[in-house]
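Novice:
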Amino acid sequence: MTPFNYERASDISEAVGKPQFIAGGTNLLDLMKLGVETPDRITDITRLDMKNIEDHEGGLRIGALVSNSDLAADMRVRQTYPVLSRALLSGASGQLRNMATTGGNLLQRTRCYYFQDKSSPCNKREPGSGCSAIGGVTRLHAILGASEHCIATHPSDMAVAMQALDALVEVEGKDGSRRIALSDFYRLPEDRPDRETVLEYGELITAVVLPPAPTGKQTYRKVRDRASYAFALVSVAGIVSMQDGKIAQVALAFGGVAPRPWRDLEFEAALVGRAPTRETFDAATDILLRDASGQGGNDFKIPLLRRTLRAVLTELCEE
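Numbered per numbering that gives the first Met the number 0, the sequence shown spans residues 0 to 318.
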């Protein structure tokens, strides 16, 4: 591991503007050991006052240092936002959830084999060096939103559920605080895969805000290679409300298939006002998958996403 300087921030104003923060460290430390991340200085933010879950404007405000375990176990989350609790409990292991934080979970980096292997060219790690995944082993890679420069997927389960819930990310920077819709938080790779979010240098995530709970049924389904401690091949966070036998409202976000938690509002609009039939689901899914493209090793994700989505919608539309 490359030597680095360590400091501990005593308040948010002291932390803001620093180049690299550490809280749980469940992703950062692994990348440092691999030599993928080589920060000169690390600022420990674990002592900051960002560990509370508070009622807020009919919803919840979740401090950036709330652990994944505590967030999944909070009774308000379990009862009102079960899609989020289920997503959190499907991620990592119990030990990692005890350490991993809400803010850190949003910022975890891809588990692309080539990104983590310094001997392989990677545009996300070294812009302009190339993408070794294209033409390589692609089982975990993207079928939506990728580019000729990067086909990696975002690994978070929590962020997929928060995308379906229309979460807002609160950040603090040198120029003050701002709120960013999670739908605007992540960048697509395009020609700069190394720029993963819209955060400015030194900005610190302080909280995530959930709006008032949606009506209807919620669920999170994750398809993976083994029952635990595995990243999604395909995941679906779904919220559906029914009225008079038809779909009245719907929010669906997807993981394991794109460089960011994926949501398609045109696809959702094709479901609203329709009866919950297989024909309705398949026609809408055609819109979702209109630009889907595999790389050989991940071609199976296209029919897998279709089947998983059909099962999730069938479950959610049962009155």
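All C-beta atoms, glycine included, are put in the ideal place defined by N, C-alpha and C.
1. Phe230: buried (16+ other C-beta within 10 angstroms of its C-beta) or exposed?
2. If contacts are defined as beta-carbon pairs under 8 angstroms, then Gly144 and Trp261 qualify, I think. What distance do you get, rounded to the angstrom?
3. Report the three-state DSSP secondary structure of Gly102 (helix, strand or coil).
4. Is the stretch 6–20 touching the stretch 189–206 in the sense that three or more CB pairs, one from each, lie closer than 8 angstroms?
5. Taking the Cβ atom as the reference point for each residue, do Met157 and Asn51 lie within a distance shorter than 8 angstroms?
6. Measuring CA to CA, which of Ala141, Ala247, Pro211 is closest to Glu56?
7. Report the residue from Leu139, Arg178, Leu198 whose alpha carbon sits nearest the alpha carbon of Phe299.
8. Determine whether the beta carbon atoms of Pro188 and Cys149 lie at a separation below 8 angstroms.
9. Can a CB atom of chain D be found closer than 8 angstroms to the CB of Val233?
10. Between which two residues does the beta strand (DSSP E) harbouring Thr218 extend?
11. Tell me, please, whether the stretch 67–85 touches the stretch 211–223 by the rule of three or more beta-carbon pairs shorter than 8 angstroms.
12. Strictly by DSSP, which residues pair up with Ser146?
13. What number of angstroms, rounded off, separates the C-alpha of Met31 from the C-alpha of Thr25?
14. Which residues in the same chain as Asp364 place their Cβ atom closer than 6 angstroms to its Cβ, once the five residues preceding and following it in sequence are excluded?
15. Report the option in Val197, Leu312, Ser176 whose CA atom is closest to the CA atom of Tyr185.
16. With H, G and I counted as helix, E and B as strand and the rest as coil, what does DSSP make of Met157?
17. Between the Cα of Thr109 and the Cα atoms of Gly255, Glu267, Asp281, Thr313, which residue gives the shortest distance?
18. Quick check on Gly62: does DSSP put it in helix, strand or coil?
19. Note down, in chain order, each residue of its chain lying with its Cβ closer than 7 angstroms to the Cβ of Cys316, except the 5 sequence neighbours on either side.
20. Quick check: the stretch 170–182 against the stretch 82–89, are at least 3 beta-carbon pairs closer than 8 angstroms?
21. Quick check: what's the CA-CA separation for Arg273 versus Glu314?
22. With 16 as the cutoff for other CB atoms within 10 Å, does Glu36 come out buried or exposed?
23. What residue range does the beta strand (DSSP E) around Arg177 cover?
24. Per DSSP, Glu53 is paired with what?
25. Should Val271 go down as buried or exposed, given a rule of 16 or more other Cβ atoms within 10 Å for buried?
26. Less than 8 angstroms separating the beta-carbons of Thr284 and Val235?
27. Is Val35 helix, strand or coil by DSSP?
28. Under three-state DSSP, which class holds Thr137?
29. I need the DSSP call for Ile246, collapsed to helix, strand or coil.
30. Pick out whichever of Ala151, His153, Ala180 has its Cα sitting closest to the Cα of Asp165.
31. If we count the other Cβ atoms within 10 Å of its Cβ and call it buried at 16 or more, is Pro2 buried or exposed?
32. Helix or strand or just coil, what does DSSP make of Val235?
33. Going by DSSP, what residue range makes up the beta strand (DSSP E) through Leu164?
Specialist: So, from the listed chains and residues:
1. buried
2. 6 angstroms
3. helix
4. yes
5. no
6. Pro211
7. Leu139
8. yes
9. Given the protein chain composition of this structure (a single chain), no chain D is represented.
10. 216–222
11. yes
12. Cys149
13. 11 angstroms
14. Residue 364 lies beyond the range of the chain shown here (0 to 318); nothing can be said about it.
15. Val197
16. helix
17. Gly255
18. strand
19. Val239, Met241, Ile246, Pro275
20. no
21. 16 angstroms
22. buried
23. 175–180
24. Arg60
25. exposed
26. no
27. coil
28. coil
29. strand
30. Ala180
31. exposed
32. strand
33. Note, Leu164: premise wrong, no beta strand (DSSP E); not H, not E.
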